[in-house]
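Residue numbers (the working numbering), protein chains in the order written: chain X, 1 to 484; chain Z, 485 to 968; chain G, 969 to 1105; chain Y, 1106 to 1242.
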């Protein structure tokens, strides 16, 4: 099957729908597609994600959103209400459990049952498919702010059908960003096709007056991802979504830790995505940005974790990201208590409020960083379109095969895994090895120079050990993993 | 009595000493001035404040120091050891209680007794004078890092004699910075004279091979102090200390909250102080800087307090201050537990380590801010020397009388109290009213413009209400106190 | 002076001047005649000022943790000075360290204070109370 | 293969790939022959790989909190497959949420794991243990 970036007919969507809804009993509750649209229209505007994001963007505010999800409905509602009331969250999530992400609804069911019998959540998220339409609507109705589905599901079609009909107004993921970092053996053809379904569904909602926001997952593997890599994936997914009729997009980026690079990344993500959407004929699209606080390893100590969280919050505010996804002081220990989650939110809220009147002024360093990110990203994007013979879907699939786009530390066998990222002497993420990325000599020399500077400062040859040192560094209180 | 900036003879110091040491029984333990010097020489270099600061400055490291002091010796030692071991403090303090600061040793004694009988510290610091030489030496000997005396004592002569003989290697305060914000009715003639004694004593130590670091108290009243005001006081005190033979100085500044202004302040403090010391003939002086985390009101919520602490830590690191004085998540509640104190230290340590390879690049905004701070500070300093007919001591006294230098919110009746500071639209501290500061039209217009911008944004006339709103703002999570 | 005269100040060896300045401003704005004796004020100075001005209330601030020791006996001294019925408020960081608020409040009420305020209280709250306690408006 | 062959992987529906890559690198550097079956690995895949390569140990990683459910019965399946004596290690964020470490460790030891590691353990620690358990060097 060849997948092309071409808008699906409604017939195609509707004929597939039947099959999808039949994959788990709760699918039958959403058979009437227009019932979901009617329900969405009955919700107040204050619960619409897209509207709240655009308002924030216009007013230079950075909104604050947690990750959160537990196995049982009442407990999940209690958790979200707590984060709304005690955490002052502007936006809420329902983070989906890992079994549901792999469409293992049977195992999710077992997790629900064990959670009931043991009195604590044995699932790492909310199994929305198993709980079904009415329970999901109870979640949306129980809080006062917009709710987003956050997951990591390569085939998220049934999940989308149920949660969108239930009033969720933002849907995270994409055919690339929820495949390469989240699957091992699933081809990009398949996941792009799965996500064309989701995007077409959202396009149908849009045509019928319901605006659903879409958020490609920005941080990918969350570990030393150079901005040009995550930007490329975000922009290609934005184009694929836009083709199916999605109008509102939040593009994401995971904090690297170097202030100048992070601010440059958020600014270029906004600028490049608008440029490429327009250039490809997608008009009237609204792009906002999301900044993910530090996605790598966290210090075990909560006081130190607060420091890491705060630096992410400050950077998000100075970069003027539209929203920031918040970590918690329990990060190193796995899933946080609701109290710890609310603490991370309040710390972040304090900083985005304190810094809302400040930006990072444009400096030579910032201008240079932005220029390099743009050059790199354009080089990859333009090559993708070329190898795709003018089609973005065909292009991204072929590009992954050829290593033209390459995500570090990804589990998928459809990813080349040839590039090797490491920090430079100021903590910005560069490449020790640019693999088969389609870079010209200027870009390659830039990375070589930056890594060489660090090697000299540390008196060692750049190697994979440098990469490992960088991965462990934050847990030891550092950004750059220097030898002892 | 007229006080001039002229180095005291040793005879003058020694003749006064007798009288000072007689003001409390423990003074008799330090009668032999050279015994203190010998004891200092017996201490390892690792306990010398000046040496550790210079090493940090050379290596671009920002050291971390708490505030801490309790009534009883063993408890105080336990506290410092905890902050060293659990808080990873690079430098330690002994914060002196408020009775000792007012030379009310009788009341301090009562506080010690009540603390013993009640089993908790009823004093807000360590009453070093009452505990005397041997107990103070036990403190220094019980820890592995340098220890500084931090207080707020207008007449700190006896305290200096005892603590320096006991091995403390850094002494905070000065005739201006420990008078204007810390006293109501004590004249500057008196306190400058008191501190000439302290500085001459330290000069004597220096002549005999023992380097004691001196730190004028930078933040003054800690509330909306424009950088030019605190810079002026710090530089005048540095000059007064240098005249008496002090060679090592740490000049301080309290965080205002606007990143660009804070970085500009630390950089100009270093540059201006070196310039003025040299211009006034004081060679071979070593200036380092200290950045005080947010000195104003704190949020009650600990998670939010961590955010405020982190922003101070990040700013100190980006400004490359030599050390940072750390707040705690209990700040809004008064004196912290040792655990909370250690948490503030670890949060700060995480950030200064993470950011040690980054600086704020020089931008137009930063260059302009530095230029303005320098112009303002030079205008005040040069006028001080003029009205002092060439003498800095005479000049600063006359300048305070005339409002040529003026500290906002100071309790002292020797301070004019005519200037009115408020934040501009980006959160930088400007002046709503420049009072009698000797500013030219360019500077006055700059402040007017900045305040007017904010007034327009908030659609209100600038007034004292704006100042009050700014003071309460951080507690409400904001930097700029906007109307609702 | 009239029914609206009050004495404010910061007791003991405490030099925290900012809050004192704001209280002065806020109570003046609210129509009170504020006699502000400033920081580093002794019990005797509070009482002296109250007697001289015929004040109806004394508002004691303490921000540095020694409030417990500094405030003890103030009510008794007022009684000895013939103004035993005067309204006494206290507020701020009244004790050393983070402690449960209720016991601290109890302690000050037992000392004879009419109202006690924890850190972070806004002036508006005390203004409302004082107007009620003095039957103003 | 020899005495130094081990199987590593991330169990269940877990896709955390970074730590897995580092473990692979660190154990290889330490002289082990690492058979890395990657993320999303089932119990059966671990056992199959161990049998095929004659591995002496299976190192199970779990970072996403479902480790408790995913690891249950692994020892019994090893026994059924004829490799009941194989060394089993587990490490990572093994349960959902912040829990006391000791009870978690007990739980996994009872399940038949030889050693269990909390989050944040460096590879060096497990390498030292494994060398001791396999009598290497």
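Every residue, glycine too, gets a C-beta built ideally from N, C-alpha and C. Note that the coordinates shown come from a computational prediction; the quantities given were computed from them, not determined experimentally.
Cβ neighbour criterion (16 or more within 10 Å) applied to residue i
| i | result |
| --- | --- |
| residue 1233 of chain Y | exposed |
| residue 1087 of chain G | buried |
| residue 1106 of chain Y | Confidence in residue 1106 of chain Y is poor, its pLDDT being 49 and thus under 50, which makes the residue's placement unreliable; the coordinate value appears in the next sentence. Exposed, since its Cβ has fewer than 16 Cβ neighbours within 10 Å. |
| residue 62 of chain X | buried |
| residue 1035 of chain G | buried |
| residue 1211 of chain Y | exposed |
| residue 1041 of chain G | exposed |
| residue 159 of chain X | buried |
| residue 511 of chain Z | buried |
| residue 1145 of chain Y | buried |
| residue 485 of chain Z | exposed |
| residue 494 of chain Z | exposed |
Nearest neighbour of residue i, chosen from the options [CA to CA]
| i | options | result |
| --- | --- | --- |
| residue 754 of chain Z | Z:839, Z:828, Z:861 and Z:816 | Z:861 |
| residue 1032 of chain G | G:1098, G:982, G:1089 and G:1092 | G:982 |
| residue 1015 of chain G | G:1086, G:977 and G:997 | G:977 |
| residue 761 of chain Z | Z:788, Z:714 and Z:718 | Z:718 |
| residue 700 of chain Z | Z:740, Z:689 and Z:635 | Z:635 |
| residue 1078 of chain G | G:1056, G:996, G:1092 and G:1001 | G:1056 |
| residue 1200 of chain Y | Y:1110, Y:1109 and Y:1117 | Y:1117 |
| residue 221 of chain X | X:475, X:55 and X:471 | X:471 |
| residue 173 of chain X | X:156, X:188 and X:313 | X:156 |
heavy atom of the ligand MN below 7 Å from residue i C-beta
| i | result |
| --- | --- |
| residue 965 of chain Z | With respect to the ligand MN, the structure shown offers nothing to examine, as it has no ligands at all. |
Under 7 Å from the C-beta of residue i: neighbouring residues of chain X
| i | result |
| --- | --- |
| residue 1225 of chain Y | 300, 332 and 475 |
| residue 1126 of chain Y | 409 |
Partner residues on chain X for residue i, Cβ-Cβ distance less than 8 Å
| i | result |
| --- | --- |
| residue 950 of chain Z | In chain order: nothing, as chain X lies at least about 14 Å away. |
| residue 533 of chain Z | Those do not exist, as residue 533 of chain Z stays about 23 Å from chain X at its closest Cβ, beyond 8 Å. |
Integer Cβ distance of residue i from residue j, believed to fall under 8 Å
| i | j | result |
| --- | --- | --- |
| residue 70 of chain X | residue 121 of chain X | 4 Å |
| residue 733 of chain Z | residue 725 of chain Z | 6 Å |
| residue 239 of chain X | residue 392 of chain X | 5 Å |
| residue 1182 of chain Y | residue 1110 of chain Y | So it is not a contact: roughly 19 Å between Cβ atoms. |
| residue 432 of chain X | residue 462 of chain X | 5 Å |
Amino acids of chain Y, ordered along the chain, whose beta-carbon sits closer than 8 Å to that of residue i
| i | result |
| --- | --- |
| residue 122 of chain X | 1171, 1173, 1174 and 1201 |
| residue 104 of chain X | 1118 |
Chain-ordered neighbours of residue i on chain X, where CB pairs are closer than 9 Å
| i | result |
| --- | --- |
| residue 1143 of chain Y | 184, 411 and 413 |
| residue 918 of chain Z | By Cβ distance, chain X contributes nothing, its closest Cβ being about 22 Å from residue 918 of chain Z, past 9 Å. |
Proximal residues of chain Y, C-beta to C-beta of residue i below 7 Å
| i | result |
| --- | --- |
| residue 157 of chain X | Within chain Y, no residue comes near residue 157 of chain X; the closest Cβ sits about 18 Å away, beyond 7 Å. |
Under 9 Å from the C-beta of residue i: neighbouring residues of chain G
| i | result |
| --- | --- |
| residue 585 of chain Z | 981 and 983 |
Neighbouring residues, chain Z, relative to residue i (Cβ below 7 Å)
| i | result |
| --- | --- |
| residue 986 of chain G | 705, 707, 893 and 955 |
Cross-chain neighbours of residue i in chain G, by beta carbon under 7 Å
| i | result |
| --- | --- |
| residue 819 of chain Z | 1033, 1064 and 1065 |
Contact set between residue i and chain Z, taken where Cβ atoms lie within less than 8 Å
| i | result |
| --- | --- |
| residue 993 of chain G | 948 and 952 |
| residue 260 of chain X | 842 and 845 |
| residue 10 of chain X | Near residue 10 of chain X there are no residues of chain Z at all, since even the closest Cβ is about 48 Å away, more than 8 Å. |
Under 8 Å by beta carbon: chain G residues contacting residue i
| i | result |
| --- | --- |
| residue 595 of chain Z | 1034 and 1037 |
* Segment contact, 8 Å Cβ cut-off, at least three pairs: the segment 654-671 of chain Z with the segment 738-756 of chain Z -> no
* To do: Pair every Cβ in the segment 846-855 of chain Z with every Cβ in the segment 801-819 of chain Z, then say whether three or more of these pairs are closer than 8 Å.
  => no
* On the three-pair Cβ rule with 8 Å, is the segment 578-595 of chain Z touching the segment 514-524 of chain Z? -> no
* With a cut-off of 8 Å, do at least 3 Cβ pairs link the segment 216-229 of chain X to the segment 415-426 of chain X? -> yes
* Determine contact between the segment 82-89 of chain X and the segment 338-355 of chain X, defined as no fewer than three beta-carbon pairs at a distance below 8 Å. => yes
* To do: Check whether the segment 1123-1131 of chain Y touches the segment 1072-1085 of chain G, counting contact only when three or more Cβ pairs, one atom from each stretch, lie closer than 8 Å.
  => no
* With a cut-off of 8 Å, do at least 3 Cβ pairs link the segment 891-900 of chain Z to the segment 927-936 of chain Z? -> no
* To do: Could you tell me whether the segment 672-689 of chain Z touches the segment 611-631 of chain Z, where touching means 3 or more Cβ pairs closer than 8 Å?
  => no
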